[in-house]
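Novice: When we follow this note's numbering, the leftmost residue of the sequence shown carries the number 162, and every step to the right adds one.
Where a beta carbon is used, it is the ideal one built from N, C-alpha and C, also for glycine.
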Amino acid sequence: MRWIKRLFLLFVVSALAAAVGGWWLYAQVIEPYRGYPDAEVFVDVAAGASPATIGSRLVEAGVVRDGRTWQVALWVSGRSRSLRAGEYRFTAPMHALDVIDKIARGDVYRRLLTFREGLTIPEMGQVFEERGFGKSEEFLRAAQHASLINDLDPGARDLEGYLFPETYALPRGTSAAAVVAQMVDGFRNALTPELQSAATSAGLTIRQLVTLASLVEKETGTASERPLVAAVYRNRLTIGMPMQADPTVIYALQQTGKYNGNLRREDLQLDSPYNTYRYRGLPPGPIAAPGKASLEAAARPADVGYLYFVSRNDGSHVFASSLDEHNRNVRTWQVEYFRKLRQQAR
162 MRWIKRLFLL
172 FVVSALAAAV
182 GGWWLYAQVI
192 EPYRGYPDAE
202 VFVDVAAGAS
212 PATIGSRLVE
222 AGVVRDGRTW
232 QVALWVSGRS
242 RSLRAGEYRF
252 TAPMHALDVI
262 DKIARGDVYR
272 RLLTFREGLT
282 IPEMGQVFEE
292 RGFGKSEEFL
302 RAAQHASLIN
312 DLDPGARDLE
322 GYLFPETYAL
332 PRGTSAAAVV
342 AQMVDGFRNA
352 LTPELQSAAT
362 SAGLTIRQLV
372 TLASLVEKET
382 GTASERPLVA
392 AVYRNRLTIG
402 MPMQADPTVI
412 YALQQTGKYN
422 GNLRREDLQL
432 DSPYNTYRYR
442 GLPPGPIAAP
452 GKASLEAAAR
462 PADVGYLYFV
472 SRNDGSHVFA
482 SSLDEHNRNV
492 RTWQVEYFRK
502 LRQQAR
């Protein structure tokens with residue numbers, strides 16, 4: 162009978178050892194760990210990677226303690242088939258179960274890419290490159306794919322005006338084509354059925370609406386003035402008066418590489434269909450990317466009879482319905498204003 166007692170004792174010892182070992186492993190799983198020296202570390206989980214491969218990358222990066230901890234955590238979580246591809250950023254100690262949860266949720270690292278209102282395609286390309294997403298040339302090539310918008314604007318030759326200005330949260334490595342496609346989607350979301358209906362009621366095509374909105378965007382950054390600026394240009398269109406919009410001339414100069422930051426009087430004679438001093442009506446297409454407010458203003462301008470506006474030199478403008486009134490405003494806010502500045506500088 163002695164062997165039975167020994168066998169029982171061995172069983173108890175083994176059970177205790179297993180329990181202690183099991184608890185030790187579980188403690189390893191739930192204990193926060195950080196084995197990387199830098200402030201952050203990135204781990205790229207490739208599409209189709211096996212759980213074992215993912216675990217190896219995490220161990221190498223110092224996110225998970227060791228392979229055994231990873232395997233136990235996977236077993237406890239039951240989420241080995243839920244791990245999602247992407248780049249993940251780690252900045253603080255985490256226990257293995259939280260690491261698995263992060264990857265299973267697809268909580269990939271995203272960088273912010275902001276395009277402000279009023280940018281042209283080349284200017285957006287510069288932002289794309291400066292933020293480290295890729296070469297400007299890649300963005301410019303992607304922005305030539307007018308097919309992305311041809312259902313709304315069959316005459317579009319590129320995506321000028323249709324790349325919606327906004328802040329986009331993007332995974333690292335997002336291609337220029339993917340960014341451009343998302344920006345077009347942003348424009349489609351901004352162009353609500355109500356806006357399209359308002360444009361149709363005003364006799365404007367989508368291209369004309371966006372073109373008018375781009376003029377509004379370039380002329381003023383003051384929210385309350387957008388409907389007023391839109392009214393000026395809509396009123397000029399109605400009576401056949403030239404748009405005479407400086408931003409259209411600047412755009413024409415930029416296209417030919419002749420713009421140096423200053424608009425001269427002789428530039429107003431530039432022979433370009435975008436020069437609204439020489440050619441009546443709207444320019445052939447958008448001259449920049451309008452935001453939602455400018456689209457709204459172009460579709461629903463203020464009900465005023467203004468035909469002119471001049472800068473107050475502080476970002477705001479003075480509006481007028483007659484040429485005499487406009488000339489007085491020009492004298493006050495341009496001639497006399499700058500004369501006083503010159504006198505004060507002496």
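Would you check if there are 3 or more beta carbon pairs closer than 8 Å linking the stretch 256 to 268 to the stretch 314 to 322?
Specialist: Flag = no, the stretch 256 to 268 and the stretch 314 to 322 do not touch.
Novice: Less than 9 Å separating the beta-carbons of arginine 240 and alanine 265?
Specialist: Contact flag set, yes.
Novice: To which residues of the same chain is glycine 150 closer than 8 Å at the C-beta, ignoring the five residues directly before and after it?
Specialist: For residue 150 there is no data in the structure shown, the boundaries of the chain being 162 and 507.
Novice: Evaluate tryptophan 236 with the Cβ neighbour count: other Cβ atoms within 10 Å of its Cβ, from every protein chain shown; 16 or more gives buried, anything less gives exposed.
Specialist: Looking at its Cβ environment, which holds fewer than 16 other Cβ atoms inside 10 Å, tryptophan 236 is exposed.
Novice: Which residue or residues does DSSP assign as beta-bridge partners of aspartate 312?
Specialist: None, per the DSSP bridge assignment.
Novice: Over what stretch of residues does the alpha helix (DSSP H) that includes valine 412 continue unbroken?
Specialist: One point to set straight first is that residue 412 is tyrosine, not valine, in the sequence displayed. Note, tyrosine 412: alpha helix (DSSP H), 407 to 416.
Novice: On the DSSP letters alone, give me the boundaries of the alpha helix (DSSP H) that arginine 349 sits inside.
Specialist: Its alpha helix (DSSP H) spans residues 337 to 351.
Novice: So, with DSSP's three-state summary, where would you put leucine 356?
Specialist: Looking at leucine 356 - three-state DSSP - the assignment turns out to be helix.
Novice: Going by beta-carbon coordinates alone, are glycine 279 and glycine 452 separated by less than 9 Å?
Specialist: Their beta carbons are under 9 Å apart, which means glycine 279 touches glycine 452 by this criterion.
Novice: My output table needs one value for glycine 182: the three-state DSSP class, helix, strand or coil.
Specialist: Bear in mind that the predicted position of glycine 182 carries a pLDDT of just 43, short of 50, making it unreliable; the figure below should be weighed with that in mind. Helix.
Novice: Per DSSP, which one or two residues make a beta bridge with alanine 481?
Specialist: Tyr469, per the DSSP bridge assignment.
Novice: Near phenylalanine 156, which residues of its chain fall below 6 Å by C-beta distance, leaving aside the five closest residues on each side in sequence?
Specialist: The chain is shown from 162 up to 507; residue 156 falls before or after that span and cannot be answered.
Novice: Between the beta-carbon of proline 462 and the beta-carbon of threonine 437, is there less than 9 Å?
Specialist: Not in contact: proline 462 and threonine 437 (Cβ atoms no closer than 9 Å).
Novice: Would you decide whether glutamate 273 is buried or exposed? Buried here means 16 or more other CB atoms lie within 10 Å of its CB.
Specialist: Note on identity: in this sequence residue 273 is leucine, with glutamate being the wrong assignment. By the neighbour-count rule (16 or more Cβ atoms within 10 Å), leucine 273 is not buried but exposed.
Novice: In this structure, what does DSSP give as the bridge partners for phenylalanine 251?
Specialist: Note: phenylalanine 251 sits in a beta bridge opposite Val202.
Novice: I'd like the list of long-range same chain contacts for leucine 456, defined as Cβ closer than 8 Å, with 5 residues on each side in sequence excluded.
Specialist: Cβ neighbours of leucine 456 beyond the five flanking positions: Ala351, Leu352, Leu356, Leu370, Val371 and Ala374.
Novice: Taking 8 Å as the cut-off, does the stretch 402 to 418 touch the stretch 491 to 507 (at least 3 CB pairs, one atom from each stretch)?
Specialist: Flag = no, the stretch 491 to 507 and the stretch 402 to 418 do not touch.
Novice: Quick check: what's the CA-CA separation for alanine 307 versus threonine 230?
Specialist: Approximately 51 Å between the Cα atoms of the pair.
Novice: Tell me which same chain residues have a C-beta within less than 7 Å of the C-beta of tryptophan 184, skipping the five on either side of it?
Specialist: Residue placement at tryptophan 184 cannot be trusted, given a pLDDT of 49 that sits under 50; the coordinates are not used to answer.
Novice: For the beta strand (DSSP E) containing alanine 463, list its first residue and its last residue.
Specialist: That residue, alanine 463, is in no beta strand (DSSP E); it is neither H nor E in DSSP.
Novice: To the nearest angstrom, report how far apart phenylalanine 325 and valine 390 are at their CA atoms.
Specialist: The straight-line gap from Cα to Cα measures roughly 21 Å.
Novice: How far does the beta strand (DSSP E) with glutamine 366 in it extend, from its first residue to its last?
Specialist: In the sequence as displayed, the identity of residue 366 is threonine instead of glutamine. Note, threonine 366: premise wrong, no beta strand (DSSP E); not H, not E.
Novice: Kindly list the residues whose CB is nearer than 8 Å to the CB of tyrosine 420, restricted to its own chain and excluding five residues on each side of it in sequence; keep chain order.
Specialist: Result list for tyrosine 420: Ile411 and Leu414, in chain order.
Novice: Ignoring anything shorter than 4 residues, give me the alpha helix (DSSP H) runs that lie fully in the stretch 225 to 294, in order along the chain.
Specialist: For the stretch 225 to 294, whole alpha helix (DSSP H) runs of length 4 or above, ordered along the chain, are 228 to 238, 257 to 265 and 282 to 291.
Novice: If you draw a straight line from the alpha carbon of aspartate 205 to that of serine 217, how long is it in whole angstroms?
Specialist: Going from the Cα of aspartate 205 to the Cα of serine 217 covers about 12 Å.
Novice: Can you check DSSP and say which residues form a bridge with tyrosine 194?
Specialist: Looking at the DSSP assignment, tyrosine 194 forms a beta bridge with Met255.
Novice: So for alanine 449, helix, strand or coil by DSSP?
Specialist: Three-state DSSP puts alanine 449 in coil, outside helix and strand.
Novice: I need the boundaries of the beta strand (DSSP E) containing proline 332, first residue and last residue.
Specialist: Here the beta strand (DSSP E) through proline 332 covers 328 to 332.
Novice: Buried or exposed, going by whether 16 or more other CB atoms sit within 10 Å of the CB of threonine 275?
Specialist: Exposed is the call here.
Novice: Tell me whether glutamate 321 sits in a helix, a strand or coil according to DSSP, three-state version.
Specialist: Three-state DSSP puts glutamate 321 in coil, outside helix and strand.
Novice: Could you compute how far the alpha carbon of aspartate 464 sits from the alpha carbon of alanine 384?
Specialist: Cα to Cα, the separation comes out at about 16 Å.
Novice: Return the CA-CA distance between glycine 247 and aspartate 268, expressed in angstroms with no decimal places.
Specialist: So the alpha carbons of these two residues sit roughly 8 Å apart.
Novice: I need the straight-line Cα distance from glycine 418 to leucine 376, nearest angstrom please.
Specialist: Their backbone Cα atoms lie some 20 Å apart in a straight line.
Novice: Where does leucine 398 fall in DSSP's three states?
Specialist: The answer is helix: DSSP assigns leucine 398 an H, G or I state.
Novice: Quick one: Cα of glycine 182 to Cα of alanine 330, how far?
Specialist: Reliability fails at glycine 182, whose pLDDT of 43 lies under 50, so the model's placement of it is uncertain and the value that follows must be treated cautiously. Glycine 182 and alanine 330: Cα-Cα distance of roughly 44 Å.
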